[in-house]
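Asks: Here you go, one structure.
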Amino acid sequence: MVVWLGPVQNSSAAEPGERIFQSTCSGCHSIGGGSIVGPDLAGVHDRRSQAWLEKFVKSSQSVIAGGDPDAIAVYEKFNKIPMPDSPITAGQIKEVLAYIKVANTPGEIQEEAKEQEKVASKEDIVLGQKLFQGKIRFENDGPTCISCHDVKNDAVIGGGVLARELTTVFSKMGGTGVRAILGKAPFPVMEHAYKDKALSETEIFSLVAFLQDADEQHAYQQPRDYGTGLLLSGITGAFILFGFYSLLWLRRRKDSVNQKIYDRQVKSE
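Using my numbering, you'd call the opening residue of the sequence shown number 217 and step up by one each time.
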């Protein structure tokens with residue numbers, strides 16, 4: 217729900233910005249609904265200049281790399297999750313900022329939605345764990361989470377290291393942030409991987425339930441030690457090979473072929 221705060225004549229100017237905001241920005245940001253992956257943008261024009269906002273939206277990492285203290289503070293506050301460089305034009309950025317300036321989503325709407333959230337069951341958590349590991353395939357054949365991410369959990373085999381470790385992602389970003397990323401991936405690699413392979417609402421709910429449970433239980437979990445198992449497997453394999461080679465050694469030829477030929481020649485003479 218969007219409540220317009222500006223005069224009526226401003227609404228038409230903000231409509232293109234609203235469409236762009238909903239398609240490219242709403243996965244990480246709200247306007248008056250609280251922080252998601254990134255900051256709540258309500259009143260952002262009171263905190264930053266138009267020029268700063270345009271530059272930051274275009275390439276936040278360039279502004280951060282340039283040493284801008286405000287950009288660095290935002291980056292560190294929101295878990296150092298980089299905001300991807302904007303794929304939209306400078307004109308479209310202005311339209312989005314115009315929309316943000318006149319639009320506002322009351323925070324109580326978000327709070328009401330939170331109160332109505334379904335409580336995850338044990339079955340939901342188990343389903344999320346299986347989806348995360350790929351024991352159950354995603355409905356639209358999207359890639360398995362564990363191929364890029366790891367979670368410290370006794371029930372989960374070690375995962376990938378190509379992307380962020382997710383053990384405490386729920387406490388850092390909250391359910392709203394995690395759902396937002398799973399529902400509309402804001403990162404280029406993830407966006408490409410799940411293009412036309414969106415997760416279903418049930419899959420998102422179950423994955424969030426699993427990640428919340430993993431976060432809450434991580435202090436009691438132990439990372440799996442594969443070293444001991446690999447050592448024992450190596451020793452067992454070595455003994456098997458030694459036994460096999462010993463059998464071959466016992467069946468080896470023990471005398472010289474040339475000696476038999478020589479003996480036959482001597483006997484024939």
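Glycine included, C-beta positions come from ideal geometry on N, C-alpha and C. For clarity, every value in this text was computed on a predicted model and none was experimentally measured.
1. Leaving aside the five residues before and after Arg264 along the sequence, list all residues of the same chain whose C-beta is less than 8 Å from its C-beta, in chain order.
2. Take the Cβ of Asn356 as the centre, count every other Cβ of all protein chains shown within 10 Å, and call the residue buried at 16 or more, exposed below.
3. Phe237 by DSSP, collapsed to three states: which one?
4. Residue ranges of each alpha helix (DSSP H) run of no fewer than 4 residues wholly in the segment 390-464, ordered along the chain?
5. Please report the residue range of the alpha helix (DSSP H) in which Arg263 lies.
6. Three Cβ pairs or more, each shorter than 8 Å: is that satisfied between the segment 404-416 and the segment 382-391?
7. Taking buried to mean at least 16 other C-beta atoms within 10 Å of its own C-beta, is Phe461 buried or exposed?
8. Which of the three DSSP states is assigned to Phe272 in this structure?
9. Provide the residue span of the alpha helix (DSSP H) that contains Ile288, from first to last.
10. Can you tell me which of the three DSSP states Arg380 falls into?
11. Out of Pro298, Thr240, Glu432, point me to the one whose CA is closest to Ile341's CA.
12. In angstroms with no decimal places, state the Cα-to-Cα distance between Pro298 and Leu448.
13. Reducing DSSP to helix, strand and coil, say where Pro303 ends up.
14. As a quick exercise: from Ser276, Lys317, Val335, pick the residue whose alpha carbon is nearest that of Asp262.
15. On the three-state DSSP scale, how would you describe Ser387?
16. Which residues mark the beginning and the end of the alpha helix (DSSP H) in which Gly350 is found?
17. Identify, in the order they occur along the chain, each residue of the same chain with its Cβ nearer than 6 Å to the Cβ of Gln326, setting aside the five sequence neighbours on each side.
18. Rounded to whole angstroms, what is the Cα-Cα separation between Thr311 and Glu270?
19. Taking the alpha carbon of Leu427 as the point to measure from, which residue in Asn369, Glu231, Phe354 has its own alpha carbon closest?
20. Within 10 Å of its beta-carbon, does Val394 have 16 or more other beta-carbons around it, so buried, or fewer, so exposed?
21. Answer yes if the segment 343-350 comes into contact with the segment 372-386, meaning at least three C-beta pairs across the two stretches below 8 Å, and no otherwise.
22. In whole angstroms, what is the alpha-carbon distance linking Ser337 and Glu417?
23. Straight-line CA distance for Gly450 to Leu463?
24. Just the C-alpha distance for Ser275 and Gly282, rounded to the nearest angstrom, thanks.
25. Under three-state DSSP, which class holds Lys368?
Replies: With the given structure in hand:
1. Phe272, Asp286
2. exposed
3. helix
4. DSSP assignment within the segment 390-464 yields the following whole alpha helix (DSSP H) runs of 4 residues or more, N-terminal first: 404-409, 417-433.
5. 260-263
6. no
7. The sequence shown places Tyr at residue 461, not Phe. By the neighbour-count rule (16 or more Cβ atoms within 10 Å), Tyr461 is not buried but exposed.
8. In this structure, Phe272 counts as helix in the three-state DSSP scheme.
9. 285-293
10. coil
11. Glu432
12. C-alpha separation (whole angstroms): 42 Å.
13. Three-state DSSP puts Pro303 in coil, outside helix and strand.
14. Lys317
15. helix
16. Segment: none, Gly350 is in no alpha helix (DSSP H) and carries neither H nor E.
17. For Gln326, the predicted model reports a pLDDT of 49, less than 50, meaning its position is unreliable and no value from the coordinates is stated.
18. Per the sequence shown, the amino acid found at residue 311 is Glu instead of Thr. The straight-line gap from Cα to Cα measures roughly 10 Å.
19. Asn369
20. buried
21. yes
22. 15 Å
23. 20 Å
24. Using only the alpha carbons, I get a separation of about 11 Å.
25. Annotated three-state conformation of Lys368 is coil, per DSSP.
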